[in-house]
Amino acid sequence: MSNLDRVVIKYQEAASEFDRMAQAANEMAQQTNQVKNVTSSVVGSGWVGRDAQAYSSTVERYTTKLNQQAEGMLQVVDKLRKQAEDSFQKELADAKRADSELGI
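Note that the sequence shown covers residues 228 to 331 in the numbering used here.
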């Protein structure tokens, strides 16, 4: 059987990728909140008026949307981690059962 005929999951590599994905989502949320905080500190003190308020409202809406996206990404990562762990445990149980059947 060639490697093209079977599915192989490299669990350690997958875990590293999941860590990087979670880190990216967290960084996105942090940077989004930094933009919001800077905007809040400028609007009303150094920048006032309708334009400033409109910009602030736009940043607030996008901050909410981007933070929701980051949270969604983290939920996907958690689901992927759980699926990988479930697959690993099933493979381990199958291997133990096969060894037992062969008397190993």
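Just so it is clear, CB atoms sit at the ideal spot from N, CA and C, and this is done for glycine as well.
- Beyond the five residues adjoining it in sequence on each side, Ala-249 comes within less than 7 Å, by CB distance, of Leu-301, Val-304 in the same chain, given in chain order.
- With a cutoff of 7 Å on beta-carbon distance, Thr-266 and Leu-293 are scored as not near each other.
- Per the coordinates, the alpha-carbon of Gly-330 lies some 36 Å from the alpha-carbon of Lys-306.
- Ala-297 is classed as buried because its beta carbon has at least 16 other beta carbons within 10 Å across all chains shown.
- Residues of the same chain with a CB within less than 7 Å of the CB of Tyr-238, apart from the 5 flanking positions on each side, are Ala-311, Phe-315 in chain order.
- In the DSSP assignment, Lys-317 falls within the unbroken alpha helix (DSSP H) covering 277-329.
- Within the DSSP bridge table, the entry for Val-270 names Trp-274 as partners.
- When secondary structure is reduced to three states using DSSP, Lys-237 falls in the coil class, being assigned neither helix nor strand.
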